[in-house]
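Below is one structure, written out as structure tokens, with a few remarks after it.
Residue numbers (our numbering): 2 to 106.
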């Protein structure tokens with residue numbers, strides 16, 4: 002991990018930190034409070050550590066996942082989410098070339 006935490010993920014596992022869910026703004030400029038109930042919504046997170054079998058994701062990438070399919074863990078007082086690579090819906094990273102979707106199928 003970036004802060005030198007001695008942790009190694011196994012197999013196809015990812016350790017991610019969820020993006021803070023603050024107020025959002027609609028395209029028309031209306032502020033939507035974080036407490037507003039929306040339909041089922043996927044979440045973005047930043048990859049902090051990857052296992053040796055992970056093929057399409059690197060540390061620092063942003064990934065899209067279903068928050069209902071996650072396991073939470075606390076490491077040194079900070080909350081993280083444990084995912085499998087196959088549970089990701091998309092990857093967002095500067096290194097992805099035009100024409101690549103970043104989807105893991």
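Backbone N, C-alpha and C fix where the C-beta goes; we use that ideal spot for every residue, glycine too.
Per-residue burial, residue i [other beta carbons within 10 Å of its own, 16 or more giving buried]
i, result
"residue 70", "exposed"
"residue 15", "buried"
"residue 86", "buried"
Under 7 Å between C-beta atoms of residue i and residue j
i, j, result
"residue 66", "residue 83", "no"
"residue 90", "residue 54", "no"
"residue 74", "residue 81", "yes"
"residue 60", "residue 48", "yes"
CA-to-CA distance, residue j to residue i, given in whole angstroms
i, j, result
"residue 45", "residue 64", "6 Å"
"residue 50", "residue 77", "15 Å"
"residue 57", "residue 9", "17 Å"
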